[in-house]
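To start, the structure under review is shown below, and the notes come after it.
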Amino acid sequence: MPHPQHLVNILTGIKGAMEMKDATPLAKIIKKAERPLLVIGPRALEVEIEGRPFIEYLVDIAKAANIPICATAHTKKKLLELGMTPESTYDVVEIVNALKDAEWKGVKGEGCHDFVLFGGIRTDLGNQALSTLKHFAPHLKTMTLCKYYYPNANFSLPNYKKEEEWKALLEGLVAGLK
Amino acid sequence: MKGKRKKEEKEKIIRAEDEWEPIGHTPMPHVTDLRNWDRRLLETYKPFYAPFCDLCCLCTYGKCDLTGTNRGACGIDISAQQGRIVTLACCMGMSAHAGHAAHIIDYLIEKHGEDYPIDLGDQVNVECPNIRTVLGLKPKTLRDLKTAVQYAAEQLVHVVSSTHTGQEGDAVDYESKALHISMLDHVCMEAADVAQIIGFKFPTSVADTPLVDMGWGSIDRKKPVILVVGHNPASSSEIIDYLRNKGLEDKVEVAGICCTALETTRYSNKAKVVGPLSRQLFFVRAGIADVIVADEQCIRTDLTDEASKVGSVVIASSDKACRGLEEVSDKPTDEVVKAMVDKGEHCLILDHEKAAEVAVEAALKIAPKRKKEEPIDEKKAIELAKACAACGSCTQVCPNLLPVGPAIQKLAEGDAEPFKQVFENCIGCGKCEEACPHGVPIFKLMQAVASWDTWKCRVGRGPVMDTEIRKVGAPIVLGTIPGVIALVGCSNFPNEIDEIAEMVDEFARRKYIVVLTGCSAMTVGMRKDKEGKTIYEKYPGDFDAGGVVNIGSCVSNAHITGAAMKIANIFANLPLRANYEVIADYVLNRVGAVGVAWGAMSQKAASIATGCNRLGIPVVLGPHSAKYRRLYLSRKEEGDWTVMDGRKKELVDTEEPSPEHLAIVTESKERAMVMIAKLCIRKNDTQPGRQIKLNHYIDLYKKFFGTLPDDLHHFVRTERDIPMFFKKEVKQFLQEKGWKPKPVLSLPTLIGTYETEVPVEATIR
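See the structure below:
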């Protein structure tokens, strides 16, 4: 919509995420990160994409780019079953609280992360967590991998109505990261 | 405000000459009197903000965008703005209870007089631990309860004024104000409930309160039905009295939703509980009620519109929720009833006796005239579901992210099971039906597939008895009863029934003490085990290991903080009188109590939880509660866990993050259960007590996460803390972590670690 001269009257208040529909630039952004982190939430256990659990796509992404994992809620058990040991286990607000601190040593003790990917967090909680990072963690960028648009992230996938489009993007991302 | 005159005024109010206990350092504290305690707490448990809105639009300077490092035109930053909004939310919550208390006390003074004595039975001598601890007053009459609420109301004015543009500007100071007003919320809740207990002769000094029927299947639709909604029992108790006096108690059904339901069953065990707040719109739309009497708090604002659609009439009975209705308090009853019966007119009646008379007389006349709609059958439901065009509008607006659309499509194919699941998890906001462009009557469909089962709810019992505290005080403080888990407040969360019932069952089975209030107390009864027993039939109602206690309604939450205070007083012999810092410090370091607000929705829940936090009780919240914007989180590895050893008067770095957080959101019930077990750990635990607590923490963690806890080394002080059952693997884990023994303190305290007038000696008796 066109904006009037005096923005003070109409500010909507959301510094919106860049919508990413193409896997290629996404893969490039992730590859550029020095210390990325993948935060996996419990929705990844429940959501399936054409019969395959979302968490398996996330594990593929982590493996493709050698990204450490933070398992939130009770996702750790499933990750272990999938042969993937997460580097850390926190509640999502706890890992976000740590990420706010630019001096934090990160899940591997090598320094705070500069790029954090999220997948499988409830949309309301996820967007609130991303709001914290948007306001208080200028030292890192965020990106979401769920099939919904998260305005408080830096980069977000769009609201996918067709599962196959989401699947294609995730698979493209895995291929691009290898 | 400090000064000689103010001091004298306070001494007069609290009757300083009464020597029941020495007067502590903070009688009737003003906004900043406990500021240093708050700042000490928030040093460890720093406010964590998740802004729900990036703007401030509270004054005409704005809207101002506060994103990141931006500041508003007044100079405020995003953190202070979050603290400001949280403070306002806590003020709203506290004022709801203060308003309730002020009204019910005045109503009961009208009935019984100001000098009506406080008598909670032979098992409760410490009648009002919150009022004793905060004000320094030992209340004896209804007048004294009114005094406590008046003091809290004055404090509310100061705190609300701090949120005006150009007043407070620091996030932590806002938090201190939120903590202050939330502490006073517990004072007001206590005043309200104690007034109700004595004024209405609710159960007290008894654990084994009756079981009452729950669920709308328990309501006899053939009788006239009066539905009471809200929190204030003035009107509903008058209805019961009117029915009793007229010999109609078995001829008219009185059913309640939300806390008024709990209050009404405390007054009459013939009253029925429809269910928690989340069932309000469903039940109203079912058209079962002939007359709906609304009082205050948590009443749907579209109640009259929805009632009109099904031919029910509404009597609003509170000045807090007049709903645009004509006041008819002074009109003759016959005239009011006639308008209700003939024209379906809703009305406002602020005289509760009159409201009761009108409600009963109108119900008796309306019921025979109404043809109550029977729920639609499965065939018809499938037919109606076929209007769904799979556009997804309903799913998109669901605040609990439920798959409404796919479930309707399955129903259209003849499979009702997914739709039943949606109903069970639904909070009843009605947004889905409103959003449907094809007019699918989603609510009616839910009623059609809803279970007609009935359940049991134990009647709320009010304060925990002093005799119970004497019995369990030592095992709680020593840790051999692993914790007190309080599931409180609203139940507007996904999978509400299953999740809360599962949590209660898990901890009761593990011999924690489980207490419940408000909608959670109802929700937990809506699940049966394989033998057909509800939680209340499965576990005893004693405040003891393995007990499941329905304390009562929202205002009964004060009895939970009160129980923690009583442990300090009755077991540890610490004086309560105006001694808030000492008591809160005791609770934080020694009483393994945890609050769980799994479905918190309201501002009241914000103030109830924040009041617990100031007293040192951690609270675990459900995932959507991130929208409250603020948590109190520690950083276990980076935090400073130094406390004073009260016996040696030496600072000791315990290296132990216990309790780890004061307010935290968890994403799933599994994670919540693990967190609850962990948050029961206290520095004061004896070694056998710590073994028991760690046993549960490890066992739950392994059950849900598959391994030993990552952070276990933080909570093992010496090898004697290790539970026998896990000894071998824990020792190996500790070795891998490079663990070293930590100090074990018998008298850990924060007093002495910050600027306070309270001497360390005050923590020892």
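Respectively, the protein sequence lines represent chains E and C.
2 is the number of the first residue of the first sequence in our numbering; add one for each residue after it.
6 is the number of the first residue of the second sequence in our numbering; add one for each residue after it.
Ideal placement from N, C-alpha and C gives every residue a C-beta, glycine not left out.
These numbers come from a predicted model, not from an experiment.
Exercise. Quick one: what's got a C-beta closer than 6 Å to Ala412 of chain C's C-beta in the same chain, skipping five residues either side?
Worked result: Pro423, Phe424, Val427, listed in sequence order.
Exercise. Identify the residues that DSSP records as bridge partners of Tyr637 of chain C: which are they?
Worked result: Under the DSSP definition of a beta bridge, Tyr637 of chain C partners with C:Pro52, C:Ala668.
Exercise. Going along chain E in order, which residues have a C-beta closer than 8 Å to the C-beta of Asp715 of chain C?
Worked result: Simply Ser89, Thr90.
For this session: Return the residue from the list E:His140, E:Leu171, E:Lys78, E:Gly173 that minimises the CA-CA distance to Asn155 of chain E.
Result: With distances taken between Cα atoms, Asn155 of chain E lies closest to E:His140.
Problem set entry | Residue-level contact to chain C via CB, Glu82 of chain E, 9 Å cutoff | Chain C, which has a Cβ nearer than 9 Å to the Cβ of Glu82 of chain E, makes this yes.
For this session: Could you tell me which uninterrupted alpha helix (DSSP H) segments, each at least 4 residues in length, are contained entirely in the region 282-357 of chain C, listed from first to last along the chain?
Result: With a minimum length of 4 residues, the continuous alpha helix (DSSP H) runs that stay inside the region 282-357 of chain C are 285-291, 308-315, 338-348.
Problem set entry | C-beta atoms of Gly523 of chain C and Val493 of chain C nearer than 9 Å | Yes, the Cβ-Cβ distance between Gly523 of chain C and Val493 of chain C is below 9 Å.
Exercise. Do you know how far the Cα of Lys206 of chain C is from the Cα of Asp213 of chain C?
Worked result: Looking at the two C-alpha atoms, the distance is approximately 16 Å.
For this session: Measure the C-alpha to C-alpha separation of His357 of chain C and Ile224 of chain C and round it to an integer number of angstroms.
Result: Each residue's alpha carbon lies about 24 Å from the other.
Problem set entry | Supposed close pair Val279 of chain C, Ala260 of chain C - CB separation, criterion 8 Å | Separation of the CB atoms of Val279 of chain C and Ala260 of chain C is rounded to 5 Å, and the pair is thereby assigned contact status at 8 Å.
Exercise. Any beta-carbon of chain E closer than 9 Å to the one on Thr691 of chain C?
Worked result: Interface residue (Cβ-Cβ distance to chain E less than 9 Å): Thr691 of chain C is not classified as such.
Exercise. By Cβ distance below 7 Å, which residues in the same chain neighbour Pro3 of chain C in space, the five residues on each side in sequence not counted?
Worked result: As shown, chain C starts at 6 and ends at 770. That puts residue 3 of chain C outside it, with no answer to give.
Exercise. Should Leu620 of chain C and Ser639 of chain C be called a contact, given that it needs their Cβ atoms to be closer than 9 Å?
Worked result: For the 9 Å CB-CB criterion, Leu620 of chain C and Ser639 of chain C do not form a contact.
Problem set entry | DSSP state of Leu83 of chain E mapped onto helix, strand, coil | Under the three-state reduction of DSSP, Leu83 of chain E is assigned to coil, being neither helix nor strand.
Problem set entry | Check whether Leu39 of chain E and Leu59 of chain E have beta carbons under 9 Å apart | Against a cut-off of 9 Å, the Cβ pair of Leu59 of chain E and Leu39 of chain E comes out as a contact.
For this session: List the residues of chain E whose Cβ lies closer than 8 Å to the Cβ of Tyr54 of chain C, in chain order.
Result: Within chain E, the residues near Tyr54 of chain C are Thr133, His136, Phe137.
For this session: Report yes if the CB atom of Ala583 of chain C is closer than 9 Å to the CB atom of Thr138 of chain C, and no otherwise.
Result: In this structure, the beta-carbon distance from Ala583 of chain C to Thr138 of chain C falls below 9 Å.
For this session: At 9 Å on the CB atoms, spell out the chain E contacts of Ile622 of chain C, in chain order.
Result: The premise fails here: Ile622 of chain C is roughly 19 Å from chain E at the closest Cβ pair, so nothing lies under 9 Å.
For this session: Please go through the same chain and pick out, in chain order, the residues whose beta-carbon is closer than 6 Å to the beta-carbon of Asp658 of chain C, but skip the five residues on each side of it.
Result: By the criterion of a C-beta distance shorter than 6 Å, Asp658 of chain C is surrounded in its chain by Thr647, once the five residues flanking it on both sides are discounted.
Exercise. Tell me which same chain residues have a C-beta within less than 6 Å of the C-beta of Pro664 of chain C, skipping the five on either side of it?
Worked result: A distance below 6 Å between beta-carbons, with the five flanking residues on each side excluded, links Pro664 of chain C to the following residues of its chain, in chain order: Pro623, Leu684.
Problem set entry | Proximal residues of chain C, C-beta to C-beta of Val94 of chain E below 8 Å | In chain order: Phe53, Ala55, Ala631, Leu636, Leu638, Ile669, Val670.
Problem set entry | For Ile186 of chain C, the nearest candidate out of C:Ala158, C:Pro144, C:Pro122, C:Ile669 (CA to CA) | Looking at the Cα atoms, C:Ala158 is the closest of the given residues.
Exercise. Which of the three DSSP states, helix, strand or coil, is assigned to Arg375 of chain C?
Worked result: Here Arg375 of chain C sits in coil by DSSP.
For this session: Within 10 angstroms of the Cβ of Gln201 of chain C, are there 16 or more other Cβ atoms? Answer buried if so, exposed if not.
Result: With a 10 Å radius around the Cβ and a threshold of 16 neighbouring Cβ atoms, Gln201 of chain C comes out buried.
Exercise. From E:Pro26, E:Leu134, E:Ile70, E:Tyr91, pick the residue whose C-alpha is nearest to that of Asn153 of chain E; which is it?
Worked result: Sorting E:Pro26, E:Leu134, E:Ile70, E:Tyr91 by C-alpha distance to the C-alpha of Asn153 of chain E places E:Leu134 at the top.
Exercise. With 9 Å set as the bound, which would you pick, yes or no: does the beta-carbon of Ile83 of chain C sit closer than that to a beta-carbon of chain E?
Worked result: Answer yes: the Cβ-Cβ gap between Ile83 of chain C and chain E drops below 9 Å somewhere.
For this session: Would you verify that the beta carbon of Thr143 of chain E is, or is not, closer than 9 Å to some beta carbon of chain C?
Result: Output row for Thr143 of chain E: interface = no.
Exercise. List, in order along the chain, the chain C residues whose C-beta lies closer than 7 Å to that of Pro43 of chain E?
Worked result: Ordered by position in chain C, the residues that pass the 7 Å Cβ test against Pro43 of chain E are Glu672, Ser673.
Problem set entry | Secondary structure of Trp167 of chain E, DSSP reduced to three states | In this structure, DSSP gives Trp167 of chain E a helical state, which the three-state scheme calls helix.
Exercise. Should Trp25 of chain C be labelled buried (16 or more other beta-carbon atoms within 10 Å of its own) or exposed?
Worked result: Exposed.
Exercise. Thinking just about the alpha-carbon of each residue, which of C:Asp59, C:Asp124, C:Ile575, C:Tyr121 is nearest to the one in Gln129 of chain E?
Worked result: Measuring from the Cα of Gln129 of chain E, the nearest candidate turns out to be C:Asp59.
Exercise. Going by the C-beta, is Lys17 of chain C closer than 8 Å to any heavy atom of the ligand HEM?
Worked result: Looking at this structure, you won't find the ligand HEM or any other ligand, since it has none at all.
Exercise. When you check each C-beta in the region 54-78 of chain E against every C-beta of chain C, which residues fall closer than 7 Å?
Worked result: Residues passing the 7 Å Cβ filter: Thr73, Ala74, His75, Lys77, Lys78.
For this session: Mind the definition here: the region 574-590 of chain C touches the region 159-172 of chain C only if three or more C-beta pairs lie below 8 Å; say whether that holds.
Result: In this structure the region 574-590 of chain C does not lie against the region 159-172 of chain C, because fewer than three pairs of beta carbons, one per stretch, are closer than 8 Å.
Problem set entry | Beta-carbon proximity of Gly530 of chain C to Tyr544 of chain C, cut-off 9 Å | If you check the CB distance, Gly530 of chain C and Tyr544 of chain C do not come in under 9 Å.
Exercise. For the candidate residues C:Gly433, C:Val199, C:Ile518, whose alpha-carbon lies nearest to that of Asn500 of chain C?
Worked result: Per the C-alpha coordinates, the member of C:Gly433, C:Val199, C:Ile518 positioned closest to Asn500 of chain C is C:Gly433.
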